[in-house]
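First residue of the first sequence: 564, per the numbering used here; consecutive thereafter. A short write-up of the structure that comes next.
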Amino acid sequence: MNIQTLKGFRDFLPKEARKRQYVINTFKKVFESYGFEPLETPALEYEELLMGKYGEEGDKLMYRFEDNGKRRVALRYDQTVPTARVVAQYQNDLPMPFKRYQIQPVWRAENTQKGRYREFLQCDIDIIGISTPLADAELLTAVASSIKKLGFKKFKILINDRNVFKQLTDRGTVEVKNLPDVIRTVDKIKKIGREGVLNELGNKGYSTEVASYILQSLETQKVTPLIAEIFKYMEDMGVDSTCYEFYPLLARGLDYYTGIIFEVEIEGYTAGSVCGGGRYDNLIGMFAGKKVPATGCAFGFDRIMEAMEEANVFPANLETTKVLVTVFSEELANKSLEIASRLRAQDINTEIYLEPSATMEKQLKYADAKNVPYVVIVGEQEIANNTVILKDMQKREQKQISIEELVQDLLPARQGDSETSSE
RNA sequence: GUGGGCGUAGCUCAACGGUAGAGCAUCAGUUUGUGGUACUGACGGUUGCGGGUUCGAAUCCCGUCGCUCACCCCA
Numbered sequence: 564m565n566i567q568t569l570k571g572f573r574d575f576l577p578k579e580a581r582k583r584q585y586v587i588n589t590f591k592k593v594f595e596s597y598g599f600e601p602l603e604t605p606a607l608e609y610e611e612l613l614m615g616k617y618g619e620e621g622d623k624l625m626y627r628f629e630d631n632g633k634r635r636v637a638l639r640y641d642q643t644v645p646t647a648r649v650v651a652q653y654q655n656d657l658p659m660p661f662k663r664y665q666i667q668p669v670w671r672a673e674n675t676q677k678g679r680y681r682e683f684l685q686c687d688i689d690i691i692g693i694s695t696p697l698a699d700a701e702l703l704t705a706v707a708s709s710i711k712k713l714g715f716k717k718f719k720i721l722i723n724d725r726n727v728f729k730q731l732t733d734r735g736t737v738e739v740k741n742l743p744d745v746i747r748t749v750d751k752i753k754k755i756g757r758e759g760v761l762n763e764l765g766n767k768g769y770s771t772e773v774a775s776y777i778l779q780s781l782e783t784q785k786v787t788p789l790i791a792e793i794f795k796y797m798e799d800m801g802v803d804s805t806c807y808e809f810y811p812l813l814a815r816g817l818d819y820y821t822g823i824i825f826e827v828e829i830e831g832y833t834a835g836s837v838c839g840g841g842r843y844d845n846l847i848g849m850f851a852g853k854k855v856p857a858t859g860c861a862f863g864f865d866r867i868m869e870a871m872e873e874a875n876v877f878p879a880n881l882e883t884t885k886v887l888v889t890v891f892s893e894e895l896a897n898k899s900l901e902i903a904s905r906l907r908a909q910d911i912n913t914e915i916y917l918e919p920s921a922t923m924e925k926q927l928k929y930a931d932a933k934n935v936p937y938v939v940i941v942g943e944q945e946i947a948n949n950t951v952i953l954k955d956m957q958k959r960e961q962k963q964i965s966i967e968e969l970v971q972d973l974l975p976a977r978q979g980d981s982e983t984s985s986e
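Structure representation (structure tokens):
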């Protein structure tokens, strides 16, 4: 038997899982502060529902199989298509605009590489059923709030209008059917540089003159009226103007965007954007049989985690257990259990050492290994005068206090200590 | 799908043709109510798997499986 995880699939041990939970909870809090509501959809969908929605490549990378009832099924490949299904299936039950967030794993059978896995968490917010620029502005504002709330000081949302590419076809510089390909190439500019883009366009049959004309006309593009309107709203919502800018070279690979497109870059984090999205008015309605405008984005959860690690913005204490109550001996265990119960009654996360005969050394080492910030010791002397010893593991200090004082001391001192609580 | 790198103890790695080792981790001690940093000891490997070359293979060769990085692609 192979004791290992599947290629591209990962375990998250408590230390890592706690951080992930913290990020998820932070996202949820911000999203909900803007009125986004949670949506969950099944891991499996009918194969035919997903097939053909992500292009040839997508079909190849989709996990597909036959279930025990001989149904052709496929694992969720993104969260947008299932959402489109939901919008079609519950047309009369969803208030419009439908603002939802969805934080669930998706599966793609790609070849793995750094930062790319076969099972990964997608973290989406979308505003569905309304096409106003205000909706785009609110989405961008919620994105800025999220990044800020996670602790990033310096970041930038690069924003473009997909329509700036339209002029290339309007003027006949690029054929309509070739536009997505050209866009894909331009999108690589940050990675392969200006020269690289020109070369690649050259390889695709564009002359040197045309290729540099394409780049130049994009580089000199002025803010479009749509973007200007969105920027005005963002300003009204108090978004710091240094956090976003018009960037006409931004392309994004997808060809389904119809309006604004954007990406978020964290200063100092070079592995790429941590969030991307835009308006896509023709996608959500595909199952409903009518046009349903939508604007939304996805946070790259793994990159967010990596960027947070590098920027060192995780709170110091994400440990879930606040205090370990040691057990002095078999005879005195009842006292420890009683104290633990009293602490838990006050919502203080309390752990008891589960081997009553263990030495104090062993119990303290356990607390240490688990990074539990406080330890309570209840021995004969303490019981005699109705006190306990509260030991601060970080400061290496301890004091003898009454049980009432113990409860008081361990209650959250400041708000923020309980930030991580969740189900 | 294409190309590079790597598989040795739970983890990180050494040994690179001559009896498989270290650090960390784990467990037990260093006497009787106190941790992260000390000392002692124990546990732990058919060197990914299969074949070949050789007196002798962790080491060289072939195959295979796995991992990893990059390209393609990325809704």
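Here a beta-carbon is modelled for each residue, glycine too, at the ideal position from N, C-alpha and C.
Three-state class that DSSP yields for residue i in the structure shown
{"i": "Tyr833", "result": "Note that residue 833 is Thr in the sequence shown here, rather than Tyr. Residue state, collapsed to three classes: coil."}
{"i": "Ile746", "result": "helix"}
{"i": "Ile966", "result": "helix"}
{"i": "Thr858", "result": "strand"}
{"i": "Asn631", "result": "coil"}
{"i": "Thr913", "result": "strand"}
{"i": "Leu881", "result": "coil"}
{"i": "Arg679", "result": "strand"}
{"i": "Gln654", "result": "coil"}
{"i": "Glu982", "result": "For Glu982, the predicted structure reports a pLDDT of 43, less than 50, and the residue's modelled location is therefore unreliable. The matter cannot be settled from this model."}
{"i": "Gln642", "result": "coil"}
{"i": "Glu960", "result": "strand"}
{"i": "Ile566", "result": "coil"}
{"i": "Gly571", "result": "coil"}
Residues that DSSP places opposite residue i in a beta bridge
{"i": "Ile666", "result": "Cys686"}
{"i": "Asp724", "result": "Ile823"}
{"i": "Gly841", "result": "Ile824 and Gly859"}
{"i": "Val938", "result": "Leu887 and Lys954"}
{"i": "Pro601", "result": "Tyr664"}
{"i": "Thr719", "result": "First, the amino acid is wrong: residue 719 is Lys here, not Thr. Looking at the DSSP assignment, Lys719 forms a beta bridge with Glu828."}
{"i": "Tyr609", "result": "Val636"}
{"i": "Gln809", "result": "Before going on, a small fix: residue 809 reads as Phe here, not Gln. In DSSP, Phe809 forms a bridge with Ile722."}
{"i": "Ile691", "result": "Phe661 and Ala857"}
Proximity below 8 Å, CB of residue i to CB of residue j
{"i": "Phe862", "j": "Phe683", "result": "no"}
{"i": "Asp641", "j": "Val669", "result": "yes"}
{"i": "Met956", "j": "Val941", "result": "no"}
{"i": "Thr736", "j": "Val773", "result": "yes"}
{"i": "Gly615", "j": "Pro660", "result": "no"}
{"i": "Ile824", "j": "Gly852", "result": "no"}
{"i": "Lys591", "j": "Leu881", "result": "no"}
{"i": "Ile946", "j": "Leu895", "result": "yes"}
{"i": "Lys699", "j": "Ile793", "result": "This sequence places Asp at residue 699; Lys is not what is there. Yes, Cβ-Cβ distance for Asp699 and Ile793 is below 8 Å."}
{"i": "Val855", "j": "Ile867", "result": "no"}
{"i": "Val802", "j": "Ala705", "result": "no"}
{"i": "Leu973", "j": "Val876", "result": "no"}
{"i": "Ile720", "j": "Ala707", "result": "yes"}
{"i": "Leu713", "j": "Thr589", "result": "yes"}
{"i": "Glu763", "j": "Thr748", "result": "yes"}
{"i": "Gln652", "j": "Gln667", "result": "no"}
{"i": "Val890", "j": "Ile902", "result": "no"}
{"i": "Lys767", "j": "Asp744", "result": "yes"}
{"i": "Ser920", "j": "Glu893", "result": "yes"}
Buried versus exposed, by CB contacts within 10 Å (16 or more), residue i
{"i": "Ala543", "result": "Residue 543 lies beyond the residue range present for the chain, which begins at 564 and ends at 986; the question has no answer from this structure."}
{"i": "Asp574", "result": "exposed"}
{"i": "Gln665", "result": "buried"}
{"i": "Ile755", "result": "exposed"}
{"i": "Gly859", "result": "buried"}
{"i": "Phe628", "result": "exposed"}
{"i": "Ala814", "result": "buried"}
{"i": "Tyr609", "result": "exposed"}
{"i": "Ile710", "result": "buried"}
{"i": "Thr922", "result": "exposed"}
{"i": "Lys570", "result": "exposed"}
{"i": "Asn948", "result": "exposed"}
{"i": "Thr675", "result": "exposed"}
{"i": "Ser899", "result": "buried"}
{"i": "Asp910", "result": "exposed"}
{"i": "Lys677", "result": "exposed"}
{"i": "Pro601", "result": "exposed"}
{"i": "Lys928", "result": "exposed"}
{"i": "Val951", "result": "buried"}
{"i": "Arg635", "result": "exposed"}
For residue j and residue i, believed in contact at Cβ under 8 Å, the rounded distance
{"i": "Val827", "j": "Ala870", "result": "Their Cβ separation, rounded to whole angstroms, is 10 Å, which puts Val827 and Ala870 out of contact at 8 Å."}
{"i": "Val939", "j": "Leu969", "result": "7 Å"}
{"i": "Leu812", "j": "Leu781", "result": "6 Å"}
{"i": "Tyr626", "j": "Ala672", "result": "6 Å"}
{"i": "Phe850", "j": "Ala647", "result": "5 Å"}
{"i": "Tyr807", "j": "Leu703", "result": "7 Å"}
{"i": "Ile829", "j": "Phe715", "result": "6 Å"}
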